[in-house]
Structure formats: structure tokens, C-alpha cells
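Shown next, in C-alpha cells, is the structure this report addresses.
In full-length UniProt numbering, the protein residues as written are 1 to 373.
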């Protein structure tokens, strides 16, 4: 193996955990001569310390150590989240099959029995390093795709795919939902300005809107909700999907209160013309939930009369207010003060309830005061 130092690439690092100084030195010289960086450890304790401080790319491990069995160190490596992918080559004088099998079961990737042929040690070690490089490349590729997916798929759905994939990819089902809908006061006018006379640059409008939506998504995710794609000027979030939660109405209410408070703080950083004041409506009802679409495109969503009613009613929510439908109010009654909304349009056939703006047990300001005490 030619040295890579001349190309500016760090040579592979190998930690040798061997208590016999003569054998350790012979193996050290063999690897250094073939372009490796090598560190030595004579005990399991020293080996564990060097693993943490030096960061090797592979470990050559003797099973017979003075302070602990090498198998114990191997198991510790494979049970550590940061070290488990580190390849381990057992190099030992034990020729009994049972000990070698135990080493492989402990997580070692390969072994060589003493006395060894130096060419075999090099070949096996280089094979382990190539395998480790492929694993590292796959992990990097997986991480890149995961970060890409996070930009397009709501976090609760990605989490459900990890914990309970059947909740996402399983058959559609009816489920009770708490639905949070938001209309952004002033957004329609700004969109008209950007489209018609160009007084408002589209980029400036987009940046301001994204700052509002970032606050929306953060508030929803903190309570385990699933945001839906924005339709016109209405944003929506569902609670109790994809993973069920018995207190979904309380979670939706907390998210609404936090959202209203955080948007107020955001507006202190924006010019008046780019402040979109949320009108929030909370509804509760049953909906068909699951993957929707054909073979070429699918999205996870909720359909039904409750979802459509929440979207329509959100359009009459005044900026800065939180309104509750009767079904939602029934689920949270007694948790916070709410009064009938007397300014409701005459055509509205159901009563709505208005959440007061004062401090109460669920409000962000009240929670902050309690933590301060």
C-alpha cells in the first residue's frame, strides 16, 4: 500500500491493542512500512482511551489482554453509537474455533490466527478499510437524502416512517382529528401588489412569508402536529396523525396560542407592510387519513367534511383572533376562558367561540411565569 501523505490525504489509522511488546512492535513496523498511521495500546483500558482520543479507522485486537478479555472491548466498541461501525480485526494465538466464533459474535469483522503471514494481515485489513469506506459513503448518501426529504416531507411523517411505518403506508382509515387552520391577514393584498404593479418585489414578499411559515411549522412540530401544504392563503395542520395521541385537542390549542405569540414577536422585526397577522380557527372531527394519489405521485393527507369545514371557516377568522368550533370547544372546555363570538357573520349557522387574549394556564406567557418561579 503506497503512502498517501504526498497527495495530502491522511493515511488510514490503525489502533493495535496488543500486550506483547515484541508482537506489537513487529505489527507496528509492518503497517507503518505499508503507509498506515499506527498507535499502540497494551491494555483494554488504554485501547478504549485511544479509541476516544485518536479516532482510528480500524482496530487490530488481541483477545488475551492483562486487564480484560479482548471480547469485552470488542463488545464495548460495537455497542457504542459513535464506534460501532469501526472495523475490528482479531489477531490472536487462540486457534480454537469456539473463541474465534465468540469474537465474530461479539461484532468483530474478521480475524487472523497467530502465527500469521504479514501479507494476509495486510490483505484482510485493507479489505476491512474498503468496507468501512463503503459504509461511510452509504451513510453520507443516506444523510444527504434524509436532509433533502426533510425539506419536502413534514417531520412527523418522517418520524412515523421510522417508528410505525404502517401508520403512513398502511390502508386509509377514518380517524378523529384536531385541525388548526390559519389565514394570514394582509397577505392577499401584498400578493396583488406583487402581481400587478410590481411595487413589492416578489423575492421580498417570499422571504417575509417564509419567515411567518417557519414560525407556523415550528409551533406545529413542537406539539406533534402535521402541517399540510398551503392552499391559497390558508395554512392547515392536523393533530392525531400520523401517530395517534389522546390529547390532540390540547396540543392543537397550545400550538395556536404559541403561534399567535411568536408571530407577534416576529412582527417587531418586520416593516408594517410585511406583517401578516394570523386568524386562527380550531376544529375537531373525523377525516379519512392516509396516502392519497396514484402510482406516480402520492402524498399523506386528510380528507372529509371536517377538513373542508375548517378550511372554509378559517376564512372568516379575524386577524389576531383564535376561534373555536363547537366540537373543538367541547373538547377543551374549562382549560381556558372562551366566549361566544358575537361578531360572527349573519349567514353562519353554527356558533363560534373566541379565545381571550389574557393570561391563562395554557398561554405562553403564563408558562414562562411559572418556569420563572
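We put the beta carbon where it would ideally sit given N, CA and C, even for glycine.
In this text the structure is predicted, and so the values were computed from the model without any measurement.
By how many angstroms is the C-alpha of residue 41 removed from the C-alpha of residue 386?
The requested residue 386 does not occur in the structure, where the chain is confined to residues 1 to 373.
Leaving out the 5 sequence neighbours to the left and right, which residues in its chain are closer than 6 Å to residue 78 when beta-carbon positions are compared?
Here residue 78 corresponds to residue number 78 of the chain shown, with the count starting at 1. So the qualifying residues of the chain are 84 and 107.
Keeping to the same chain, check which residues put their C-beta closer than 6 Å to that of residue 54; ignore five residues upstream and five downstream.
By one-based count along the chain shown, residue 54 stands at place 54. The answer, listed in chain order, is 39.
Tell me, please, which residues DSSP counts as bridged to residue 339.
Along the chain shown, read from residue 1 onward, the residue named residue 339 stands at position 339. Paired residues: 354.
To the nearest whole angstrom, what separates the beta carbons of residue 156 and residue 226, a pair I think is in contact under 8 Å?
Stepping through the chain shown from its first residue, residue 156 is reached at position 156. Stepping through the chain shown from its first residue, residue 226 is reached at position 226. About 5 Å separates the two Cβ atoms, so the contact holds.
What is the C-beta distance between residue 59 and residue 17, in whole angstroms, given that I count them as a contact (C-beta under 8 Å)?
The count along the chain shown starts at 1 and reaches residue 59 at position 59. The count along the chain shown starts at 1 and reaches residue 17 at position 17. Going by Cβ atoms, the distance from residue 59 to residue 17 rounds to 7 Å, so yes, they are a contact pair.
Report the start-end ranges of each alpha helix (DSSP H) in the region 64-138 that is 4 residues or longer and not cut off at the edges.
Whole alpha helix (DSSP H) segments, 4+ residues: 70-79 and 97-105.
Which class does residue 41 belong to by DSSP, given the choice of helix, strand or coil?
The residue you call residue 41 lines up with position 41 of the chain shown. Strand.
Per the contact definition of three or more C-beta pairs closer than 8 Å, is the region 286-299 in contact with the region 318-329?
These segments do not touch.
Within 10 angstroms of its Cβ, does residue 307 collect 16 or more other Cβ (buried), or is it exposed?
What you label residue 307 is simply residue 307 of the chain shown in a count that begins at 1. The residue in question, residue 307, is buried, as its Cβ has 16 or more Cβ neighbours within 10 Å.
Could you name the residues of the same chain whose beta carbon sits closer than 7 Å to that of residue 217, not counting the 5 residues immediately before and after it, in chain order?
On the chain shown, position 217 is the one that residue 217 refers to. For residue 217, where only same-chain residues beyond five positions count, the Cβ hits under 7 Å are 227.
Do the CB positions of residue 332 and residue 277 come within less than 8 Å of each other?
Counted from its first residue, the chain shown places residue 332 at position 332. Counted from its first residue, the chain shown places residue 277 at position 277. Cβ distance not < 8 Å, so residue 332 and residue 277 don't count as in contact.
Check whether the Cβ of residue 167 sits closer than 7 Å to any heavy atom of the ligand SAM, and report yes or no.
As for the ligand SAM, it is missing from this structure, which has no ligand bound.
I'd like the list of long-range same chain contacts for residue 102, defined as Cβ closer than 8 Å, with 5 residues on each side in sequence excluded.
Walking along the chain shown from the start, residue 102 turns up at place 102. Excluding positions up to five away in sequence, the list reads 71.
For residue 322, which residues of its own chain have a beta-carbon under 6 Å away from its beta-carbon, when the five flanking residues on both sides are left out?
Position 322 of the chain shown, counted from the start, is the residue given in the question as residue 322. For residue 322, where only same-chain residues beyond five positions count, the Cβ hits under 6 Å are 256, 280 and 355.
Between 92, 219, 56 and 231, which lies nearest to residue 239 when the distance is taken from Cα to Cα?
As a first step, residue 239 is located in the chain shown; it is residue number 239 there, counting from the start. The candidate whose alpha carbon is nearest that of residue 239 is 219.
Please classify residue 325: does DSSP put it in a helix, a strand, or coil?
The residue given as residue 325 occupies position 325 in the chain shown. Coil, per DSSP.
Please classify residue 297: does DSSP put it in a helix, a strand, or coil?
Numbered from 1 along the chain shown, position 297 holds the residue referred to as residue 297. Coil.
At what residue ranges does the UniProt domain "Guanylate cyclase" (178-314) contain a whole run of the beta strand (DSSP E), taking only runs of 3 or more?
DSSP runs (the beta strand (DSSP E)) wholly in the UniProt domain "Guanylate cyclase" (178-314): 234-239, 277-293 and 298-303.
My output table needs one value for residue 52: the three-state DSSP class, helix, strand or coil.
Taking the chain shown and counting its residues from 1, one reaches residue 52 at position 52. The answer is helix: DSSP assigns residue 52 an H, G or I state.
Among the residues of its own chain, which have a CB less than 8 Å from the CB of residue 194, if the five just before and after it don't count?
As a first step, residue 194 is located in the chain shown; it is residue number 194 there, counting from the start. The answer, listed in chain order, is 200, 201, 202 and 205.
Does the Cβ of residue 36 have 16 or more other Cβ atoms within 10 Å, making it buried, or fewer, making it exposed?
Indexing the chain shown from 1 puts residue 36 at position 36. Under this definition residue 36 is a buried residue.
For the alpha helix (DSSP H) holding residue 25, just list the boundary residues, first then last.
Translated into the one-based positions of the chain shown, residue 25 becomes position 25. Here the alpha helix (DSSP H) through residue 25 covers 21-33.
Please classify residue 160: does DSSP put it in a helix, a strand, or coil?
In the chain shown, the residue the question calls residue 160 occupies position 160. Correct three-state label for residue 160: helix.
With H, G and I counted as helix, E and B as strand and the rest as coil, what does DSSP make of residue 58?
Taking the first residue of the chain shown as position 1, residue 58 is located at position 58. In this structure, residue 58 counts as strand in the three-state DSSP scheme.
From this set, 76, 13, 223 and 141, which residue's C-alpha is nearest residue 248's C-alpha?
As a position in the chain shown, residue 248 is number 248, starting the count at 1. The residue with the shortest Cα to Cα distance from residue 248 is 223.
Who are the Cβ neighbours of residue 370 in its own chain at under 6 Å, not counting the five residues just before and after it?
For this step, residue 370 is matched to residue 370 along the chain shown. Confidence in residue 370 is poor, its pLDDT being 43 and thus under 50, which makes the residue's placement too unreliable to answer from.
From this set, 52, 263 and 110, which residue's C-alpha is nearest residue 126's C-alpha?
As a first step, residue 126 must be located in the chain shown, where it is residue number 126. The candidate whose alpha carbon is nearest that of residue 126 is 110.
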